[in-house]
Amino acid sequence: MIPYGRQDISQADVDTVVEVLKSDFLTQGPVAPRFEKAVADHVGAERALTMNSATSALHVACAALGLGSGDLLWTSPVTFVASANCGLYCGAEVDFVDIDPETYNLCPVALERKLEIAQKHGQLPKVVVAVHLCGQPCDMQTIYKLSQRFGFRVIEDASHAIGGKYQDEFIGNCRFSDITVFSFHPVKIITTAEGGMALTNNELLAERMELLRSHGITRDPGKMTQQPDGPWYYQQIDLGFNYRMTELQAALGLSQLQRLDEFVARRHELANRYDQLLGDKPVKTPWQHPDSYSGLHLYVIRLKLDQIGKSHREVFESLREQGIGVNIHYIPVHTQPYYQYLGFSNGDFPQAESYYREAISLPMFSGLTECQQDEVVAALDRALNL
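Numbering (the numbering used here), first residue to last: 63 to 448.
Next up, the structure:
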């Protein structure tokens with residue numbers, strides 16, 4: 063089986079993790095801060111905070127921005143459920159903005175239209191989570207301008223996008239957002255096994271997220287309500303969580319970071335080759351906005367079903383039967399049973415639903431060989447009866 067994505071672990075990665083295993087600290091040591099600084103320096107952000115997952119980072123980001131009961135969070139329906147669930151974790155309500163039919167990201171035109179209606183009804187969002195689907199950044203400059211006009215905060219869910227660029231600057235620099243979140247799951251561009259990171263240029267937000275990721279506990283006397291009883295003393299000053307990343311994970315991430323640019327460049331080579339190989343087939347290949355340099359976590363094609371004579375499911379199952387580990391990214395969140403219980407219905411976001419009926423993620427990872435890529439395309443030909 064050729065998977066749709068997989069990690070690339072080198073001997074240097076292994077050696078780095080083993081070195082930490084033999085050290086004094088397996089958690090809460092010096093490596094996680096080094097990883098944080100390395101990523102922040104690479105992308106041009108002021109602060110970075112490691113987390114045990116991107117889901118945790120999204121939750122902490124929302125909490126740090128003060129999202130709570132009575133507030134609204136808006137995001138794209140074409141994303142993993144974590145991009146929306148983070149709002150529910152904070153007691154807020156969640157709504158969605160339909161996608162752009164070309165980039166598959168949250169549509170800025172639809173966003174502006176929805177904001178204008180929401181303003182008239184006094185129902186503006188407190189937070190908008192802009193998801194960089196497949197690694198291609200959203201139109202962040204437009205979203206930022208709308209945030210200034212309508213008064214919402216912006217989180218970039220860049221789980222797919224580390225190593226990518228927007229307007230020739232690295233994604234993660236938070237130029238057009240309050241907080242950016244990365245994921246380091248094994249199928250992502252670099253991995254820490256499980257893990258995530260939140261980045262910001264706002265020191266107060268950084269301090270708030272740092273507090274919340276570790277039980278709401280501080281050892282800083284300046285933040286305590288009384289003088290410490292002694293050098294052992296700590297205080298819980300908020301209700302936080304245990305969202306810390308281990309030293310082992312951070313060591314792996316720090317080692318993987320050395321190959322980040324190489325990984326992304328290789329993904330672009332593979333994407334360009336897919337574009338050529340699929341150019342004459344009844345599929346729509348990914349379109350890249352000229353302002354973007356995608357991290358290319360995913361390579362998603364859309365089937366031209368009116369030209370194929372087979373269903374979406376038939377093509378998908380044929381590829382799987384041939385040993386091609388395709389996947390679907392994603393089932394629109396508003397169609398999930400949990401969200402339908404909250405009042406959403408099929409038909410609410412037609413562009414997202416149209417995308418879902420046609421989308422298939424082909425294998426895309428830095429270790430994919432051209433021979434394997436040829437196997438994928440040949441299997442697709444067979445699945446389409448070409």
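A virtual CB, placed ideally from N, CA and C, is assigned to each residue, including glycine.
Those residues which DSSP pairs with residue i across a bridge
i: S245; result: G258
i: T280; result: Q297
i: P65; result: G387
i: D157; result: W136
i: Y228; result: E231, S354
i: K346; result: R364
i: M113; result: G258
i: P424; result: The sequence shown places Leu at residue 424, rather than the Pro named in the question. Paired residues: Y361.
i: N304; result: S276
i: T89; result: T308
Test item: CB-CB of residue i and residue j under 8 angstroms
i: R275; j: M63; result: no
i: V193; j: S209; result: no
i: Q203; j: F246; result: no
i: Y135; j: G149; result: Inspection of the sequence shows that residue 135 is occupied by Leu rather than by Tyr. Yes; because the gap between Cβ atoms is below 8 angstroms, this pair is in contact.
i: A313; j: V93; result: yes
i: A144; j: T117; result: yes
i: V485; j: M259; result: This structure does not reach residue 485, given that the chain is present from 63 up to 448, and the question cannot be answered.
i: P290; j: R68; result: no
i: H359; j: C196; result: yes
i: V243; j: L339; result: no
i: I224; j: G357; result: yes
i: L446; j: K343; result: yes
i: G100; j: L319; result: The sequence given here places Ala at residue 100; Gly does not occur at that position. Cβ atoms of A100 and L319: closer than 8 angstroms.
i: L381; j: L442; result: yes
i: V388; j: Y66; result: yes
For residue j and residue i, the rounded distance between their alpha carbons
i: V216; j: S354; result: 19 angstroms
i: R321; j: R328; result: 11 angstroms
i: H396; j: R175; result: 19 angstroms
i: K182; j: F411; result: 21 angstroms
i: G405; j: A154; result: 15 angstroms
i: Q298; j: I386; result: 50 angstroms
i: D300; j: T280; result: 9 angstroms
i: C200; j: D77; result: 37 angstroms
i: Q198; j: E98; result: 23 angstroms
i: G429; j: A180; result: 46 angstroms
i: P394; j: N304; result: 29 angstroms
i: L261; j: I370; result: 44 angstroms
i: E376; j: R444; result: 11 angstroms
i: L448; j: N408; result: 33 angstroms
i: T141; j: G292; result: 48 angstroms
i: C152; j: K188; result: 12 angstroms
i: E415; j: D240; result: 29 angstroms
i: A146; j: S115; result: 15 angstroms
i: A126; j: L120; result: 10 angstroms
i: P163; j: G302; result: 39 angstroms
i: F232; j: V79; result: 27 angstroms
i: R364; j: K250; result: 21 angstroms
Exposure label - residue i; buried when at least 16 CB within 10 Å
i: W294; result: exposed
i: W349; result: exposed
i: T287; result: exposed
i: Y361; result: buried
i: Y417; result: buried
i: P139; result: buried
i: K285; result: exposed
i: L111; result: buried
i: I390; result: exposed
i: E218; result: buried
i: S221; result: buried
i: Q73; result: exposed
i: L266; result: exposed
i: Y296; result: exposed
i: G257; result: buried
i: C433; result: exposed
i: P283; result: exposed
i: F87; result: exposed
i: R306; result: buried
i: N334; result: exposed
i: G226; result: buried
i: P425; result: buried
Residue span of the alpha helix (DSSP H) that contains residue i, given as start and end
i: E178; result: 170-182
i: S416; result: 412-420
i: E218; result: Element bounds for E218: not the alpha helix (DSSP H) but the beta strand (DSSP E), 215-219.
i: D443; result: 432-445
i: C148; result: 144-151
i: D162; result: Element bounds for D162: n/a, residue is neither H nor E.
i: A327; result: 322-339
i: V79; result: 73-83
i: Y401; result: 399-403
i: S209; result: 202-212
Span of the beta strand (DSSP E), counted from its first residue to its last, around residue i
i: Y361; result: 361-365
i: A192; result: 189-193
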